[in-house]
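**Q** Numbering (the working numbering), first residue to last: 1 to 248.
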Amino acid sequence: MIRRFFDFLFPIIEGLTPDQKNERQEAYDRDMAAIDSTNWGKQPAKLLEQAQRMADSEIDRRKTAETKASIYLAVLATLVPLIVTIQTGIWENKIGPAPAVLRFSLLSIAIIYSAAAGWYAFSVLRVSGFHTIGIGELATSWSKSEPPGELAKRTLQRMRKSQDAVNNKVTRIKMTHEHLLRAFGFFIALMLIDPATYTIYAIQGQAVATAPKTQNPRCDSKHKIIFNFETDSRNKRPKNSVGRSKKE
């Protein structure tokens, strides 16, 4: 339960354990051996078409992840002036009535999430681990007895070699999305903290203004309450006023 809470609070990509690395390597070796040992003689043209379709699908996944990473980096770049403006306002105390400590805490958390999103987005754009069919492999495949089948086999092998790298890019773009969502959430909270504080102060001020007022009569030096009654000569009604006590 605690682990899930921390994963929700700040998600990260955990490294593989030695057992997981061994399982991944064994799966890779099995796939490569199956591609190399399978007889591709039946309908090699259809096999090549399907292999190219699968390879194009992996390329599209990679391009989609890299495009999203570029968009996220552009969004993060637009946040820099906003962060500088808010930070300057906090230090100069020119933003609003909310406590400066609360505003600075929200801004710091938003900056941390933004930095994490930027780091994952940059790692997506890193060029590594992607394999394609080269000119030499194409020429070698066409020199075989079954060129389409040989080319399909090499295409599948290159696609399998690139699969882990593409999956890594997709995972990192998901992490970028998660951190960026949290950063936006804290930026929105930072924008709403001052209006919320104004509202609270207004409600409190209205409650104080509408509260019943009580008047305490004046007391003499011995804490005796003294009332003086005077008569208004025009309307002959007694007029109650608080008088001062004479010294005894």
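C-beta atoms are modelled at their ideal positions from N, C-alpha and C, and glycine is treated no differently.
Remember, it's a predicted structure, so these values are computed and weren't measured experimentally.
In the structure shown, what three-state DSSP assignment does methionine 1 receive?
**A** For the purposes of this step, residue 1 is identified with residue 1 of the sequence shown, where counting begins at 1. Coil at methionine 1, not helix or strand.
**Q** Three-state secondary structure (DSSP) at alanine 55?
**A** Indexing the sequence shown from 1 puts residue 55 at position 55. Helix, per DSSP.
**Q** Am I right that alanine 74 and valine 170 are in contact with their C-beta atoms under 8 Å? What's the rounded C-beta distance?
**A** Here residue 74 corresponds to residue number 74 of the sequence shown, with the count starting at 1. Here residue 170 corresponds to residue number 170 of the sequence shown, with the count starting at 1. Not confirmed; about 20 Å, so no contact.
**Q** Pull up the distance between the alpha-carbon of tyrosine 72 and that of leucine 79, whole angstroms please.
**A** Along the sequence shown, read from residue 1 onward, the residue named residue 72 stands at position 72. Along the sequence shown, read from residue 1 onward, the residue named residue 79 stands at position 79. Computed Cα separation, rounded: 11 Å.
**Q** Would you say arginine 24 and aspartate 194 are within 9 Å of each other, going by their C-beta atoms?
**A** Taking the first residue of the sequence shown as 1, we reach residue 24 at position 24. Taking the first residue of the sequence shown as 1, we reach residue 194 at position 194. Not in contact: arginine 24 and aspartate 194 (Cβ atoms no closer than 9 Å).
**Q** Kindly give me the distance between the Cβ atoms of threonine 155 and alanine 55, rounded to whole angstroms, as I take these residues to be in contact under 8 Å.
**A** Along the sequence shown, one-based indexing puts residue 155 at 155. Along the sequence shown, one-based indexing puts residue 55 at 55. Contact holds; Cβ gap of about 5 Å.
**Q** Starting from threonine 140 and walking both ways along the alpha helix (DSSP H), at which residues does that stretch end?
**A** Here the question's residue 140 lines up with position 140 in the sequence shown. Note, threonine 140: alpha helix (DSSP H), 135-142.
**Q** On the criterion of 16 or more Cβ atoms from any shown chain inside 10 Å, does lysine 63 qualify as buried, or is it exposed?
**A** Indexing the sequence shown from 1 puts residue 63 at position 63. Lysine 63 should be labelled exposed.
**Q** Express the C-alpha separation of leucine 107 and lysine 161 in angstroms, rounding to a whole number.
**A** Taking the sequence shown and counting its residues from 1, one reaches residue 161 at position 161. Taking the sequence shown and counting its residues from 1, one reaches residue 107 at position 107. If I take the Cα positions, the gap works out to 42 Å.
**Q** What residue from Ala121, Ser37, Gln52, Gly89 has the CA that sits closest to leucine 260's CA?
**A** Lying before the first or after the last residue shown, residue 260 is absent from the chain, which here runs from 1 to 248.
**Q** Going straight from the alpha carbon of serine 128 to that of asparagine 168, what length do you get?
**A** By one-based count along the sequence shown, residue 128 stands at place 128. By one-based count along the sequence shown, residue 168 stands at place 168. If I take the Cα positions, the gap works out to 11 Å.
**Q** In this structure, how does DSSP classify phenylalanine 8 when only helix, strand and coil are distinguished?
**A** On the sequence shown, residue 8 is found 8 positions in, with the first residue counted as 1. Note: phenylalanine 8 maps to helix in three-state DSSP.
**Q** Within the same chain, show all residues whose beta-carbon is closer than 7 Å to that of lysine 222, passing over the 5 residues directly before and after it, in chain order.
**A** Here residue 222 is taken as the residue at index 222 of the sequence shown, counted from 1. Reliability of the predicted coordinates at lysine 222 is poor, the pLDDT of 47 falling under 50, and no value is obtained from them.
**Q** Spell out whether any CB of chain E is found under 9 Å from the CB atom of glycine 134.
**A** Protein chains in the displayed structure number just one, and chain E is not present.
**Q** Determine the DSSP secondary structure at isoleucine 225, reduced to helix, strand or coil.
**A** As a first step, residue 225 is located in the sequence shown; it is residue number 225 there, counting from the start. Its pLDDT being 43, under 50, isoleucine 225 is placed unreliably by the model, and the measurement read from it follows with that caveat. Isoleucine 225: strand per DSSP, three-state reduction.
**Q** Using 8 Å as the Cβ pair cut-off and three pairs as the minimum, do the segment 171-189 and the segment 107-121 touch?
**A** Contact holds: three or more Cβ-Cβ distances are below 8 Å.
**Q** With DSSP collapsed to three states, give me the class of glycine 15.
**A** Stepping through the sequence shown from its first residue, residue 15 is reached at position 15. Coil, per DSSP.
**Q** What's the C-alpha gap between methionine 1 and phenylalanine 8?
**A** For this step, residue 1 is matched to residue 1 along the sequence shown. For this step, residue 8 is matched to residue 8 along the sequence shown. One C-alpha to the other measures close to 11 Å.
**Q** Helix, strand or coil: which one does DSSP assign to lysine 153?
**A** Within the sequence shown, numbered from 1, the residue matching residue 153 stands at position 153. Note: lysine 153 maps to helix in three-state DSSP.
**Q** By the 10 Å Cβ neighbour count, where 16 or more other Cβ atoms means buried, how is glycine 205 classified, buried or exposed?
**A** On the sequence shown, position 205 is the one that residue 205 refers to. Glycine 205 is exposed by the Cβ-count criterion.
**Q** Report the three-state DSSP secondary structure of leucine 125 (helix, strand or coil).
**A** Along the sequence shown, read from residue 1 onward, the residue named residue 125 stands at position 125. The answer is coil: DSSP assigns leucine 125 none of H, G, I, E or B.
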